[in-house]
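Protein chains in written order, with our numbering: chain Z, 15 to 364; chain S, 15 to 364.
Let me begin by presenting the structure, written as structure tokens, before commenting on it.
Protein chains: 2
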Amino acid sequence: MKTNAYAAQNATTSLSPFSFQRRDVGQHDVQIEILYCGVCHSDLHTVRGEWGGTTYPCVPGHEIVGRVVKVGAHVEKFKEGDTAGVGCMVDSCRTCANCKEDLEQFCEKGTIFTYNSPEKQTGGTTFGGYSDSIVVDEAFVLHIPQNLDLAATAPLLCAGITTYSPLRHNNVSKGQKVGVVGLGGLGHMAVKLAKGFGAHVVVFTTSSNKVEDALRLGADEVVNSKNADEMKKHLNSFHFILDTVSAQHDINAYLLLLKRDGNLTQVGVPAEPLPLQVGSLIFGRRSLSGSLIGGIKETQEMLDFCGEHNITSDIELIPIQNINEAYDRLLKSDVKYRFVIDMASLKQAL
Amino acid sequence: MKTNAYAAQNATTSLSPFSFQRRDVGQHDVQIEILYCGVCHSDLHTVRGEWGGTTYPCVPGHEIVGRVVKVGAHVEKFKEGDTAGVGCMVDSCRTCANCKEDLEQFCEKGTIFTYNSPEKQTGGTTFGGYSDSIVVDEAFVLHIPQNLDLAATAPLLCAGITTYSPLRHNNVSKGQKVGVVGLGGLGHMAVKLAKGFGAHVVVFTTSSNKVEDALRLGADEVVNSKNADEMKKHLNSFHFILDTVSAQHDINAYLLLLKRDGNLTQVGVPAEPLPLQVGSLIFGRRSLSGSLIGGIKETQEMLDFCGEHNITSDIELIPIQNINEAYDRLLKSDVKYRFVIDMASLKQAL
């Protein structure tokens with residue numbers, strides 16, 4: 015069916031109105047009327063071709079929340095009228111070892127991402143959530159807890175799972191001291207989730223104007239990471255640190271804050287290599303890991319956890335007509351803490 | 015008692031004969047007549063002051079094997095005539111969390127190393143194994159399996175445990191594919207131990223003249239890490255990689271060879287930071303760790319394992335008079351694979 019959207023036509027132009035055909039609803043497919051779509055920094059990287067490999071036109075968006083309007087004959091998990099979510103993935107091979115272990119984000123045949131991936135069913139390219147409708151195999155569609163604000167839930171589909179997964183994988187639990195480096199879209203979710211797990215949460219920031227906000231979001235302590243004396247007080251004391259910073263920074267300073275056998279996981283992807291002092295790892299048998307979103311099963315688990323703990327993202331709701339301005343503000347970290355597009359605005363525009 | 019040794023008097027002179035007083039044998043002490051002492055690269059770094067903080071005169075040596083000649087009144091584990099070993103540590107606080115967990119190498123009050131550490135009992139500095147005798151609390155003395163060649167066992171006390179500990183900590187076991195980067199003193203032990211655990215062992219080297227030797231030592235495959243095509247064949251295939259290289263090198267190339275959730279552990283300590291591409295960790299949820307020797311309990315476990323599997327180091331036995339030449343050769347990696355000092359030579363010299 016005809017779908018209205020915003021797309022980038024090449025790496026250098028602004029996003030602008032675009033329409034295309036979604037595939038027909040297959041036997042296992044769910045068609046979702048998109049109500050809200052979060053704005054992730056990956057959207058910006060992709061539309062501007064900063065990661066290479068962007069196919070244009072490109073319709074970004076992978077923090078999708080909406081209402082089921084049609085289901086295929088064999089769909090079992092969803093019915094018309096359900097609220098539903100779609101995150102970063104819409105398909106995978108489902109047969110490799112990683113898929114079998116519910117880690118479709120590491121599909122050995124190549125995860126089918128929500129946008130800018132080859133679409134199995136059509137031979138075209140997947141188009142994301144800056145659009146009024148999407149058709150997805152029910153295996154990659156999530157249930158949204160009824161108590162959560164829908165707009166503020168959208169960012170959980172990427173920012174939420176990206177922080178939930180490493181916290182869970184590292185068994186973050188009650189009484190542990192957990193650090194969060196950087197207070198942006200990912201960092202602010204990490205604070206809420208780590209608090210949800212019962213941890214003592216310390217936020218590291220270089221922006222003094224974020225201190226109050228960090229405490230409001232639930233942080234127990236805030237450390238100015240540029241202040242060597244403040245940092246020194248926390249040496250050898252953290253079970254786990256989640257580093258959400260995608261700019262160049264000194265990870266060694268954070269590694270030294272880990273206890274013996276502590277882990278620091280990076281979810282930000284700096285463009286340039288980070289200089290790693292191996293001694294920071296050797297003394298204390300510490301480890302440094304990476305983590306990428308989470309599998310579908312874990313994403314549902316995260317949504318359910320957020321429902322139970324009433325956790326959503328702090329958002330700024332925008333009409334899609336403001337998306338290019340939002341990108342400019344994103345580059346200046348001028349958002350608390352996630353832009354979400356109100357997709358009703360797409361209808362108004364037409 | 016008077017002890018003959020070789021010492022460095024400052025950072026720039028050669029090692030030369032030196033004598034000093036060992037403390038009297040205390041109630042929990044064991045006095046060991048040193049028969050063999052391995053030559054570790056740390057000895058060279060310390061005597062030349064390359065790590066800072068060297069107290070002179072410095073008697074290095076922490077791969078000690080010998081015979082018990084005297085025991086204190088309360089010694090329970092050793093008797094006169096036993097063969098015994100001493101590794102990198104001779105004491106620790108024994109009360110901190112790490113000591114209580116048998117990880118004295120991470121003692122929170124500061125591990126007392128076998129040389130160049132403050133000696134509790136005397137207020138002086140510990141002197142190591144380039145000497146004819148040592149007095150050590152029995153809690154830090156190891157039993158040597160009877161079937162092993164004593165000279166070739168000495169390097170197990172540092173090179174052995176440094177490689178055994180991370181292999182064990184990462185649960186290396188039968189059928190797993192394990193990589194060893196660098197074939198030197200540490201690397202050649204890692205090959206033997208990983209084979210002992212039943213792993214499929216792949217050695218990475220840049221020296222074509224080490225291929226034959228790697229296979230002789232038990233490696234199943236040898237990869238020239240400078241050959242991109244060879245490296246590519248091993249992408250996403252390793253459970254675990256032990257990196258023993260202490261020179262600058264591209265760890266990202268090895269991280270990409272790990273399977274999902276695979277770990278690379280560094281035991282070499284490059285002086286300069288290693289450039290780390292975070293993407294190498296994020297795609298595959300891989301991790302990078304450090305490891306430092308092992309605790310006393312694990313060191314005994316390692317020696318017992320080596321006894322059962324008849325594993326020792328490949329050594330070149332030297333008289334202590336050749337130690338300075340040995341250091342020069344060490345810097346050129348001209349040793350297969352560990353120099354061991356025959357301490358009988360110390361008597362001949364006098």
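Yeah, the Cβ is synthetic: ideal placement off N, Cα and C, and Gly gets one too.
Keeping to the same chain, check which residues put their C-beta closer than 6 Å to that of residue i; ignore five residues upstream and five downstream.
| i | result |
| --- | --- |
| D275(S) | R299 |
| I255(Z) | G193, Y268, L278 |
| Y341(Z) | L58 |
| R62(Z) | A25 |
| T219(Z) | L197 |
| S260(S) | G282, V283, P284 |
| M316(S) | G174, I175, Y178 |
| L288(S) | I265 |
| A213(S) | V186, Q190, V192 |
| E286(Z) | Q262 |
| L117(S) | G309 |
Determine the chain S residues that contact residue i at a beta-carbon separation under 8 Å, and present them in chain order.
| i | result |
| --- | --- |
| F127(Z) | Simply none; closest approach about 13 Å. |
| F120(Z) | R274, F297, G298, R299 |
Interface residues of chain Z around residue i at Cβ under 7 Å?
| i | result |
| --- | --- |
| L369(S) | A question about residue 369(S) goes unanswered here, because the residues of chain S that appear run from 15 up to 364. |
| F254(S) | Neighbours of F254(S) on chain Z: none; closest Cβ ~13 Å, over 7 Å. |
| F297(S) | L306 |
Might you give, ordered along the chain, the residues of its own chain that have their beta carbon closer than 8 Å to the beta carbon of residue i, omitting 5 neighbours on each side?
| i | result |
| --- | --- |
| D328(Z) | A166, H202, L231, K350, Y351, R352 |
| N250(S) | L270, L271, L272, K273, R274, G298 |
| K93(Z) | V82, V85 |
| L164(S) | L49, Y50, V79, T97, I158 |
Which same chain residues end up closer than 7 Å to residue i when comparing Cβ atoms and leaving out the 5 residues on each side of it in sequence?
| i | result |
| --- | --- |
| K209(Z) | V215, G232 |
| K224(Z) | L197 |
| L162(Z) | C320, G321, T326 |
| C121(Z) | S106, C107, C110, N112, C113 |
| R343(Z) | V349 |
I'd like to know whether the C-beta atoms of residue i and residue j end up nearer to each other than 8 Å.
| i | j | result |
| --- | --- | --- |
| T97(S) | I148(S) | no |
| Q374(S) | H88(S) | Since the first residue shown for chain S is 15 and the last is 364, residue 374(S) is missing from the structure and cannot be characterised. |
| I265(Z) | D146(Z) | no |
| A21(Z) | V104(Z) | no |
| I46(Z) | V82(Z) | yes |
| Y129(Z) | T136(Z) | no |
| L200(Z) | T176(Z) | yes |
| G308(Z) | Q280(Z) | no |
| V205(S) | A168(S) | no |
| N338(S) | S28(S) | yes |
| Q119(S) | L302(S) | no |
| F32(Z) | P71(Z) | yes |
| G99(Z) | L207(Z) | no |
| V75(S) | G143(S) | In the sequence on display, residue 75(S) carries Gly and not Val. A contact, by the Cβ cut-off of 8 Å. |
| G95(Z) | E77(Z) | no |
| T313(Z) | G138(Z) | no |
| D43(Z) | D151(Z) | yes |
| L290(S) | L290(Z) | yes |
| S187(S) | F211(S) | yes |
| D154(Z) | I332(Z) | Reading off the sequence, residue 154(Z) comes out as Phe, not Asp. It is not a contact, given that the beta carbons lie outside the stated cut-off. |
| V237(Z) | E226(Z) | no |
| T60(Z) | F34(Z) | no |
In the DSSP assignment, what are the bridge partners of residue i?
| i | result |
| --- | --- |
| A21(Z) | S30(Z) |
| I46(S) | V82(S), I148(S) |
| P289(Z) | P289(S) |
| L272(S) | F252(S) |
| V354(Z) | G52(Z), L331(Z) |
| P16(Z) | What sits at residue 16(Z) in the sequence shown is Lys, not Pro. DSSP, once it has assigned bridges, lists Q35(Z) as partnering K16(Z). |
| T279(Z) | L256(Z), S303(Z) |
| K349(Z) | The question names Lys, but residue 349(Z) in the sequence shown is Val. V349(Z) is not bridged to any residue. |
Residues of chain Z with a CB under 8 Å from the CB of residue i: which are they?
| i | result |
| --- | --- |
| N112(S) | R274 |
| R300(S) | S303, G304 |
| L231(S) | None at all; the shortest Cβ gap to chain Z is about 25 Å. |
| L344(S) | Correct list: empty, because the minimum Cβ distance to chain Z is about 20 Å. |
Below 7 Å on C-beta distance, what does residue i contact in chain S?
| i | result |
| --- | --- |
| V292(Z) | Q280, V283, P284, L288, G304 |
| L49(Z) | Simply none; closest approach about 30 Å. |
Answer yes or no: the CB of residue i versus the heavy atoms of the ligand NAD, is any distance below 7 Å?
| i | result |
| --- | --- |
| L171(Z) | Absence of the ligand NAD from the depicted structure is noted, as is the absence of any ligand whatsoever, leaving it without description. |
* Segments assigned beta strand (DSSP E), at least 3 residues, entirely inside the region 203-231 of chain Z -> 214-219
* **Unbroken stretches of the alpha helix (DSSP H), 4 residues or longer, contained in the region 295-342 of chain S** => 310-323
* To do: Within the region 53-131 of chain Z, note down every full alpha helix (DSSP H) run reaching 4 residues or more, in order along the chain.
  => 55-61, 111-114
* Asked: Where in the region 134-218 of chain S do unbroken runs of the beta strand (DSSP E), each at least 3 residues long, occur, reported from the N-terminal end onward?
  -> 147-151, 191-195
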